[in-house]
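Notes for the one structure printed next.
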Amino acid sequence: MQDFLGQGGFAFYVWSAFGMTFGLLLAEVLVLRRHHRTILQRVGRLVRLRKQNQPPGEPK
Amino acid sequence: MKINWFKYASPASFYPLAGQLVPKFAAVAAVLVLIGLYVGFFHTADQLGGSNPQKEYYRIIFVHVPTAWMSMWLYLVLAGWSAIGLVFNTRLSFMMANAVAPTGAIFTFLALWTGALWGRPSWGTYWDWDPRLTSELILFFLYIGYMALHSAIDDSRRADRAAALLAIVGVVMLPIIYWSINCPDPNNCAALHQRSDPGSIHASILIPMLLITLGFWSYSFATAFMRLRDIILTREADSAWVRDMLLEARADTGGGSGTSSGVPAGAGRGAV
Amino acid sequence: MLEVLDLSCRRGDRLLFSGLGFELPAHTLLHVRGRNGSGKTTLLRALCGLLQPDAGVIRWRGEPVTELGDDFNRELLYFGHLNGIKADLTGLENLRVAATLDQDPVTDAVIIAALAQIGLAGFEDLPTRMLSQGQKKRVALARLILSKAPLWILDEPFTALDTDAVALLEALIAGQVASGGAVVLTTHQEVALTQGEIRRLDLGPAAPQ
Amino acid sequence: MLKVFWCILTRDITLALRRRTDVLTTLFFFVIVVSLFPLGVGSERELLRLLGPGVVWVAALLASMLALERLFAADYDDGTLEQLLLAGQPLSLLVLAKVVAHWLLTGLPLVVIAPLMAMQYSLEPIAILVMMAALALGTPVLSLLGAIGAALTLGLRGGGILLSLLILPLYIPVLVYGAGAVSVSVVEIADTQPYFSLLGAFLVAALILAPPASAAALRISME
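Protein chains in written order, with this note's numbering: chain Y, 1 to 60; chain H, 1001 to 1272; chain R, 2001 to 2209; chain B, 3001 to 3223.
Encoded structure:
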């Protein structure tokens, strides 16, 4: 285990390369998920506002 | 077949389809990358090469090469969708190009980052004006330019088309730029070039590299579709199908006007 | 001459109008009306080909303008919100450039006569930046006198003009219609047209924002 | 056709000559940037001779960039650009006329003044000649490529900064071979020939491809 983490003395280079890569990719996914949620909320609010201003049944 | 294509070329029908595909691509990406990493770390030698051995740091190429490949492929994808959009005037193609760009920029940044970390132990410096790293840097500028131009224009139609044109100009210029960096002295071209011939790479190195590349492809599909859904949603906020979908989703979860979250849990996520 | 089928235009993500259709034969003036933001300028720019419509076809003499390209532009005179006049060039130079671009070279004497007709005799050698707003507009309107284009598309040509100039412009428009041309016009005032036919097109409401 | 080209060319030159400051600003920008460098890196003659070609070229790139922002902007503001689009003439021809005028007003002065700048870097006479020739071939390419960016960023807030972000990466090939020709001429003058062939090829390609691309960009930006 120690050997694996040490990577023959190149731990800094190896793990910061892999760490940055997968950290950034994971961060992108998380940011996108949060972004999607905010957009849904915002658009949803917009839609509901429009609906309130519009009597039901009338075409848009 | 033709009808099918046109059906999915409309944002309204692509939105739910993309929603179903995202988790699948994400899962495939995770599996492929994990297998690739496992093979790369536990089934490879600790040193590479004979006379001038590369020690454990060579493992950085398991992410460096795939990220560099992805950065170039995704720029081609970006330019391809841009061209399709300009020729056929389809809004979804522009949205697709737009959704790919940030992922491509991230891969380009990662290729630079991992390249620098590989360069330090092997060349003794984080940054050398190595042709391939330099090209990667230029590619990064091109991605940034595309995104900056797109976000600087308020009118979404103009933004789409202007950025698309820029992407195409970029893809035409890229080989010339790459070549001029590779061969700054036309009298003597071969000197700087580091040839890498796929046949000379040992299978134990190639397999994890390819696995991770495929995983990154799958990942790119997943993030591009996620971003695409957001773009579609903001741009089509006025349209009837978005309204119906959101109101329906709301009715399903039974949410009253009091809850702040508009996201239905669990099963509904595929559609919304 | 001009035929519009099922035209729809959007600005950004907002749909301005859709399913718009009309026909504009020779000897006709089309008066486009509508509130601010209803898409008048957008419609006019779409007719010129400056703006690609979202859907629909515009035909000129039976052929789609997208196929005619430059040939259509040569038959068209567009007068927009901006005068299209270079402030550092004189009236004469401005009109000379405009005439060359229309591939309709005219002698300086003709241009000077046109400028005189529009009430700018003696101003032809002054850079237009030294002229007043209304006078600049008059220089731009002198293009109408020189133009032989059968289709005029005029976006608010009457603004910033005094009564004399308004009367002159009305006469010019009437002349164009009488000579077998067609005119598309937006304006907030009633046009007194002596000959030919006036059609009206009302664009849908734009909510006051 | 030729008449229209000539008409736009003379119009733009007349306009620029009536507002001379714009032309002079570009020129002095170039002079100042080149003159500032020795103050920053030190005035050791050998070092300057080494840096000279690159510095002059980078300054030329920046100066051409600075001037490009105005290529279409004035016409856009007063509505003449609209009229050009509707002129019933091939738009790429009109764009080419504008770019040629622009180069005559901003690129050519750089070529003419380059020897003075090169002397500051104690370049040899032969290298100075090569530099002028390389600039004469390379700066038109910069104007042609830059026109695409200028058309794309037309009327945008912060258009100038954005323009440099979009276009400077595309200038790299010209920079590499333009500066390379000067450096190599110090060693062996016969070796400069392939550099000039490449710069010439870039110029021909840019003359053919850039005007239609700028025309398309203008149509997109004018919508």
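Positions of the beta carbon are idealized from the N, C-alpha and C atoms, including for glycine.
Under 9 angstroms by beta carbon: chain R residues contacting residue i
i               : result
residue 3132(B) : Per Cβ cutoff of 9 angstroms: no residues; residue 3132(B) is ~32 angstroms from chain R at best.
residue 3004(B) : 2100, 2101, 2103
Residue burial classification, residue i (beta-carbon count within 10 angstroms, cutoff 16)
i               : result
residue 1193(H) : Low confidence applies to residue 1193(H): its pLDDT is 47, below 50, so where it sits in the model is not reliable enough to give any reading.
residue 4(Y)    : exposed
residue 2133(R) : exposed
residue 1191(H) : Bear in mind that the predicted position of residue 1191(H) carries a pLDDT of just 48, short of 50, making it unreliable; the figure below should be weighed with that in mind. It is exposed - the Cβ of residue 1191(H) has fewer than 16 other Cβ atoms within 10 Å.
residue 3230(B) : In this structure chain B extends from 3001 to 3223, so residue 3230(B) is not present and cannot be described.
residue 3082(B) : buried
residue 3097(B) : buried
residue 2009(R) : buried
residue 3200(B) : exposed
residue 1096(H) : buried
residue 2043(R) : buried
residue 1136(H) : buried
residue 3007(B) : buried
residue 1204(H) : exposed
residue 2020(R) : buried
residue 1273(H) : What is shown of chain H runs 1001 to 1272, which leaves residue 1273(H) out entirely.
residue 52(Y)   : exposed
residue 1175(H) : exposed
residue 1198(H) : Bear in mind that the predicted position of residue 1198(H) carries a pLDDT of just 48, short of 50, making it unreliable; the figure below should be weighed with that in mind. With fewer than 16 Cβ atoms within 10 Å of its Cβ, residue 1198(H) is classed as exposed.
residue 3077(B) : exposed
residue 1031(H) : exposed
residue 1019(H) : buried
Check: residue i C-beta below 7 angstroms from any heavy atom of the ligand ATP
i               : result
residue 1117(H) : The ligand ATP is not among the ligands present in this structure, which contains no ligands whatsoever.
Unbroken beta strand (DSSP E) run spanning residue i, endpoints
i               : result
residue 2182(R) : 2182-2186
residue 2031(R) : 2028-2033
residue 2151(R) : 2151-2155
residue 2199(R) : 2197-2202
residue 2014(R) : 2014-2024
residue 1058(H) : No beta strand (DSSP E) contains residue 1058(H), which DSSP labels as neither H nor E.
Neighbouring residues, chain B, relative to residue i (Cβ below 9 angstroms)
i               : result
residue 2073(R) : 3085, 3086, 3087, 3088, 3089
residue 2009(R) : Result: empty, since nearest Cβ-Cβ is about 10 angstroms, beyond 9 angstroms.
Extent of the continuous alpha helix (DSSP H) run through residue i
i               : result
residue 2057(R) : Looking at the DSSP string, residue 2057(R) is not in any alpha helix (DSSP H); the run it does join, the beta strand (DSSP E), is 2055-2060.
residue 2005(R) : It is not in any alpha helix (DSSP H) - residue 2005(R) instead sits in the beta strand (DSSP E) that spans 2002-2011.
residue 42(Y)   : 11-53
residue 2076(R) : Element bounds for residue 2076(R): not the alpha helix (DSSP H) but the beta strand (DSSP E), 2076-2079.
residue 1126(H) : No alpha helix (DSSP H) holds residue 1126(H); DSSP gives it neither H nor E.
residue 1181(H) : 1156-1182
residue 2094(R) : 2091-2101
residue 1232(H) : 1203-1235
residue 3075(B) : 3070-3078
residue 2052(R) : Neither: residue 2052(R) is in no alpha helix (DSSP H) and is coded neither H nor E.
residue 1189(H) : Residue 1189(H) -> no alpha helix (DSSP H), and no H or E assigned at all.
residue 1023(H) : 1011-1042
residue 3219(B) : 3193-3222
residue 3092(B) : 3091-3102
Chain-ordered chain H contacts of residue i [CB-CB under 7 angstroms]
i               : result
residue 3191(B) : 1187
residue 5(Y)    : Those do not exist, as residue 5(Y) stays about 11 angstroms from chain H at its closest Cβ, beyond 7 angstroms.
residue 3054(B) : Under the 7 angstroms cutoff, chain H gives no residues; its nearest Cβ is about 11 angstroms from residue 3054(B).
residue 3173(B) : 1176, 1177, 1180
Neighbour list for residue i in chain B, Cβ cutoff strictly below 7 angstroms
i               : result
residue 1173(H) : 3170
residue 2087(R) : 3078
Residues that residue i contacts on chain Y, provided the C-beta gap is smaller than 7 angstroms
i               : result
residue 1057(H) : 10, 13, 14
residue 1121(H) : 10, 13
residue 1289(H) : Summary: the structure shown does not reach residue 1289(H), with chain H confined to residues 1001 through 1272, and so no result is reported for it.
Neighbouring residues, chain Y, relative to residue i (Cβ below 9 angstroms)
i               : result
residue 1113(H) : 16, 17, 20, 21, 24
Where residue i meets chain H, residues with beta-carbon distance less than 8 angstroms
i               : result
residue 3195(B) : 1186
Partners in chain H for residue i, counting only beta-carbon separations shorter than 9 angstroms
i               : result
residue 3177(B) : 1180, 1184, 1186
(message) Runs of 4 residues minimum, wholly inside the region 3112-3171 of chain B: which ones carry the alpha helix (DSSP H) assignment?
(response) Those alpha helix (DSSP H) runs which fall completely within the region 3112-3171 of chain B and span 4+ residues are 3125-3152, 3159-3167.
(request) Return the residues of the region 1022-1039 of chain H that lie within a Cβ-Cβ distance of less than 9 angstroms from chain B, sorted by chain order. (result) Cβ contacts with chain B come from no residue of the region 1022-1039 of chain H.
(request) Could you list the residues in the region 1127-1153 of chain H with a C-beta less than 8 angstroms from some C-beta on chain B, going in chain order? (result) Cβ contacts with chain B: 1138, 1141, 1142, 1144, 1145, 1148, 1149, 1152, 1153.
(message) Against chain R, which members of the region 3141-3163 of chain B pass a CB distance test of less than 9 angstroms?
(response) For chain R, none of the residues of the region 3141-3163 of chain B brings a beta carbon within less than 9 angstroms of one of its beta carbons.
(request) Identify each residue in the region 1215-1231 of chain H for which the Cβ-Cβ distance to at least one residue of chain Y is less than 7 angstroms, and report them in chain order. (result) Result list: 1219, 1223, 1226, 1227, 1229, 1230.
(message) Please identify, using Cβ separations under 8 angstroms, the residues of the region 1152-1167 of chain H that lie next to chain B, in order along the chain.
(response) Look at the region 1152-1167 of chain H: the residues with a C-beta under 8 angstroms from a C-beta of chain B are 1152, 1153, 1155, 1157, 1158, 1161, 1162, 1165, 1166.
(request) Output the residue ranges of the alpha helix (DSSP H) runs that lie fully inside the region 2106-2169 of chain R and measure 4 residues or longer, sorted by chain position. (result) Entirely contained in the region 2106-2169 of chain R, the alpha helix (DSSP H) runs reaching 4 residues are, in chain order, 2108-2117, 2133-2146.
(request) Return the residues of the region 3015-3049 of chain B that lie within a Cβ-Cβ distance of less than 7 angstroms from chain R, sorted by chain order. (result) Listed by position, the residues of the region 3015-3049 of chain B near chain R (Cβ gap below 7 angstroms) are 3015, 3018, 3019.
(request) Scan the region 1058-1094 of chain H and note each continuous alpha helix (DSSP H) run of 4 residues or more that stays entirely inside, going in chain order. (result) Assignment of alpha helix (DSSP H) within the region 1058-1094 of chain H, counting only whole runs of 4 or more residues, yields 1061-1088 in chain order.
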